[in-house]
Every structure is written in C-alpha cells, then in structure tokens.
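Peer 1:
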Amino acid sequence: MWPFPDYPLTLAGRDIPRGTYVYDHKASWWPDPTFYAIVVGSAIASGVLRSVLRKQVIDRMQVEKSAQKLEESVMQVLFYTFAWTFNTMFLVKQDWFWFPILTFLEGFPNQTIEYRPSLLSTMSSQPPALTLLLLHNSPEIFWFYGIQTGWYVYCSYAHVFQDSRKSDYWIMIVHHAVTLTLLYAAFVTGYFRIGMLVMFSMDICDIFVFSAKTLKTLDRDSTIHPAFYLAVYATLPTVWVAFRLLYFPYVVLHTTVVGTIKVFGWEGIKGWVPYNALLLILFALNIFWFYQIVRIGILSLRNGTQSMDDIREKARNSPPATAALKHHQQQDQQVLPPQKEPLSPALATTSKRAAAAARGKAKAS
5 MWPFPDYPLT LAGRDIPRGT YVYDHKASWW PDPTFYAIVV GSAIASGVLR SVLRKQVIDR
65 MQVEKSAQKL EESVMQVLFY TFAWTFNTMF LVKQDWFWFP ILTFLEGFPN QTIEYRPSLL
125 STMSSQPPAL TLLLLHNSPE IFWFYGIQTG WYVYCSYAHV FQDSRKSDYW IMIVHHAVTL
185 TLLYAAFVTG YFRIGMLVMF SMDICDIFVF SAKTLKTLDR DSTIHPAFYL AVYATLPTVW
245 VAFRLLYFPY VVLHTTVVGT IKVFGWEGIK GWVPYNALLL ILFALNIFWF YQIVRIGILS
305 LRNGTQSMDD IREKARNSPP ATAALKHHQQ QDQQVLPPQK EPLSPALATT SKRAAAAARG
365 KAKAS
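The opening residue of the sequence shown carries number 5 in my numbering; numbering runs sequentially from there.
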C-alpha cells in the first residue's frame, strides 16, 4: 500500500506531486544530511584551494615579505566573486528579489524542501527499498547555503590559526559568529530567501575590499601604478554605501523589521527579535568598517598611497604561528644568510670583561 496521500497537495501556491511529502523547516533544526555533507565539503575544499594557491601561485611570485597577506586576500577575492555571481544569477530571476516582501509570503515560514519517494529494485529477492530522492524547490538555495556555511566555518578557523592578527581580531570573531548563526538559522527555519538578500548586499563589497588589499600587497613587492590602485580603492566606498549602507537597511532591514509586522502582526511572526537583533549587529559592523575605509582615504589624501596600508595591521601586527606562516618563514631562511643570535646581557658583560683583560695583558707584555 502506497504510504502517501493519493491526492494532490497544494502548499505555498504550488501543486506538490502525488507521492511527495514535505519537509517542514520549522519542525527541526537538523536538515537533510546532504546539507551537512556540502558544508563539510565546502570547508575542506576552501582549505585545500588555499594551500594549492599558496604553493602553485603565491610562492612562485617571490613576494616573501607579503606572501601570507597576499594569499589571504586572493583567496577571499576568488570566493566572494564566485558566491556573489552565483547568488545574483539566481536572484534576478525571482519575483521576491524585486519585491522583497514576497520573501515572507507563499506559506512562510513553511516554504518547503520537497522530497519524492522512489521505489528502487534491489539485487536480492527482498521487496524493493523505499528511497528518498531530493527534489528541492530551488536547488540553488540548497547549494548556496551549504557552500556559504562551509566557507564561514573555514574562515572562522583561518581567522584564528592562519590569518595575520589585526586590531579588529575580536570584532571579526563576532562577525563570523553572527554570520554563521544567521546562515544556519535562516536555512533551517525558513528565512532562507531574506538570507540570500543579506548575502547579496554583503558579498559584493568584500570583492572590492580584498581586491584593493591584493593590489596594495603586490605594490610592496612590485611596481603597480598608483592610479590603478586608486581606481579600485575609489570604487570601494561607492559600492559599500550603495549595498551595505543603503540597500541593506532600506530593503533588507525594512522588510524584516517593518514589513513582517504589517503582514503578520506582532503575534504572527516568530523569531522577529533574534533575527533582527543579529541583522542590526551586522549593520553596526558595516558602519564601523565604513569609518575605517574613510579613515584610510583621508590618510591617503594627506600622505599619498603609502598610507593606504591596512590600518588594522598598524595597531596590531602579531600573526599567530601557523603552518602557512612557518612555510613562508622557512623559505625566507633558505634565501637569507644565517644571522647570529644576540647575546644575553649577562653574556655580553662577561665578553666585554674578557676582552678588556686580554687587552691589558697585551699592553703589559
């Protein structure tokens, strides 16, 4: 006997095929195991890609002094370019991208992931096994959240153990924690549409941030015309204001804070306080980093492009001992001649006394 309803179901304005059951995001904080496989795979792939980038590209460029910073920046540019392009190509085809309040309609928060049971024959004489085949309404959403979550898992690890430590070290810890919480919670509780709008407004700015840092790092070891770097850097504040200081508050925050109340009322929307609190933290971080960008711009107008170094590094430039850093240090030691270790104060004093005694004996003789 077929264990599923024999009549078509309608949910969120869509006819669900007969023989399909609906996985309700609100029912569990543990989505399909495939999601976790994508998360783990994304995190591992990010680490492997960075290692390949370091060994096959960065090391061959012979930029020993800035190798770690260049490796970090190029990796970020590559990922955020891919993620934002992937996200944008999907979003522009969705009506809720152009009318964001629709992110909370169509059965929200039960906008579903669908599965269809399939009877597969087996090699034995046992009855066919009932197997579930994934039929996600939007596979792009499923993959996007899995890849992004895995990326931020890796970024959290790299921030602590690989990247150079800067003055906003703890602020970035907060940022990664907030982002991971929003990504995972948005996916499992049905807020995944608005979550994609959040990432749309964030990722594009990171492309320009790390592109500017990449060019500045290269400029320390090679000749790059200042006009080229200034052109990239001048675009950054414009993009930051447009996406993080205008689009994010007036489209995303307005939809989540005001639009949801208008549609559902105070009693009809669950999770309003924690989600909006996390989004407001992100907005506060955007304002803080924009201040840093403006500060660098002012310094550059006064002192030239040499002042356009990452001002976070000037306050605290003590990178942790990591495998990547040790790798570059070992290369430096192979190129540079060995240096004598400085004597301790006690040994230096003893050495001076011995030298003075030797000179006295030489005069007496």
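Even for Gly, the Cβ is constructed at its ideal location relative to N, Cα and C.
Determine the contact status of L219 and V243, defining contact as a CB-CB distance below 7 Å.
Peer 2: In this structure, V243 does not lie closer than 7 Å to L219 by Cβ.
Peer 1: I'd like to know whether the C-beta atoms of Y161 and H180 end up nearer to each other than 7 Å.
Peer 2: Not closer than 7 Å, so no.
Peer 1: Below 8 Å, how does it come out for the segment 62-77 and the segment 196-209: are there three or more Cβ pairs, yes or no?
Peer 2: The answer is no - the segment 196-209 does not touch the segment 62-77, with fewer than three Cβ pairs under 8 Å.
Peer 1: From this set, S46, P37, A238, L222, which residue's C-alpha is nearest S304's C-alpha?
Peer 2: Measuring from the Cα of S304, the nearest candidate turns out to be A238.
Peer 1: Out of curiosity, what's the CA-to-CA distance linking V44 and A246?
Peer 2: For V44 and A246, the distance between alpha carbons rounds to 33 Å.
Peer 1: Can you tell me whether V164 is helix, strand or coil according to DSSP?
Peer 2: The answer is helix: DSSP assigns V164 an H, G or I state.
Peer 1: Is it right to say K73 is buried, meaning 16 or more other beta carbons lie within 10 angstroms of its own, or is it exposed?
Peer 2: Buried: at least 16 other Cβ atoms inside 10 Å.
Peer 1: Excluding the 5 residues flanking F90 on each side, which residues of the same chain have their C-beta closer than 7 Å to its C-beta?
Peer 2: So the list reads F148, once near-sequence residues are dropped.
Peer 1: By the 10 Å Cβ neighbour count, where 16 or more other Cβ atoms means buried, how is L250 classified, buried or exposed?
Peer 2: Exposed.
Peer 1: Mind checking which residues open and close the alpha helix (DSSP H) that includes I48?
Peer 2: From DSSP, the alpha helix (DSSP H) with I48 extends over 37-57.
Peer 1: With 16 as the cutoff for other CB atoms within 10 Å, does D99 come out buried or exposed?
Peer 2: Exposed.
Peer 1: Quick one: is V213 buried, meaning 16 or more other Cβ sit within 10 Å of its Cβ, or exposed?
Peer 2: Buried, since its Cβ has 16 or more Cβ neighbours within 10 Å.
Peer 1: Figure out for me which residue from V256, L222, G154, N290 has the closest Cα to the Cα of V52.
Peer 2: When each option's Cα is compared against that of V52, the closest is G154.
Peer 1: I need the DSSP call for L109, collapsed to helix, strand or coil.
Peer 2: The answer is coil: DSSP assigns L109 none of H, G, I, E or B.
Peer 1: Under the rule that 16 or more other beta-carbon atoms within 10 Å means buried, what is G269, buried or exposed?
Peer 2: Looking at its Cβ environment, which holds fewer than 16 other Cβ atoms inside 10 Å, G269 is exposed.
Peer 1: Tell me, to the nearest whole angstrom, how far the beta carbon of L57 is from that of M93; I am working on the premise that it is less than 8 Å.
Peer 2: About 24 Å separates the two Cβ atoms, so there is no contact after all.
Peer 1: Tell me which residues share the same chain as I379 and place their Cβ nearer than 8 Å to its Cβ, disregarding the 5 neighbours each side in the sequence.
Peer 2: With the chain represented from 5 up to 369, any question about residue 379 goes unanswered, as that position is not in the structure.
Peer 1: Run through DSSP, which three-state label would S304 get?
Peer 2: Looking at S304 - three-state DSSP - the assignment turns out to be helix.
Peer 1: Under the three-state reduction of DSSP, which class applies to Y158: helix, strand or coil?
Peer 2: Helix at Y158.
Peer 1: What does the alpha-carbon distance come out to for the pair S168 and V267?
Peer 2: Roughly 46 Å separates the two Cα atoms.
Peer 1: Residues in its own chain within less than 6 Å of L289 by CB, not counting five upstream and five downstream?
Peer 2: Here the set comprises H179.
Peer 1: Taking 7 Å as the threshold (C-beta atoms), are F101 and L95 in contact?
Peer 2: For L95 and F101, yes; Cβs fall inside 7 Å.
Peer 1: Using the Cβ count rule (16 or more neighbours within 10 Å means buried), how would you classify W174?
Peer 2: W174 should be labelled exposed.
Peer 1: Rounded to a whole number of angstroms, what is the C-alpha to C-alpha distance between I273 and Y195?
Peer 2: The alpha-carbon atoms of I273 and Y195 are separated by roughly 11 Å.
Peer 1: If you draw a straight line from the alpha carbon of I48 to that of L284, how long is it in whole angstroms?
Peer 2: Answer to the nearest angstrom: the Cα atoms are 31 Å apart.
Peer 1: Thinking P241 and I297 are a contact (beta carbons under 8 Å), I'd like their distance in whole angstroms, please.
Peer 2: Right, the Cβ-Cβ distance comes to about 6 Å (below 8 Å), so this counts as a contact.
Peer 1: Out of S77, T38, I42, state which residue places its alpha-carbon closest to the alpha-carbon of R54.
Peer 2: For the residues S77, T38, I42, the minimum Cα distance to R54 belongs to S77.
Peer 1: Among the residues of its own chain, which have a CB less than 8 Å from the CB of I265, if the five just before and after it don't count?
Peer 2: So the qualifying residues of the chain are I273, W276.
Peer 1: Where does A71 land, buried or exposed, given buried means 16+ other C-beta within 10 angstroms?
Peer 2: Result: buried.
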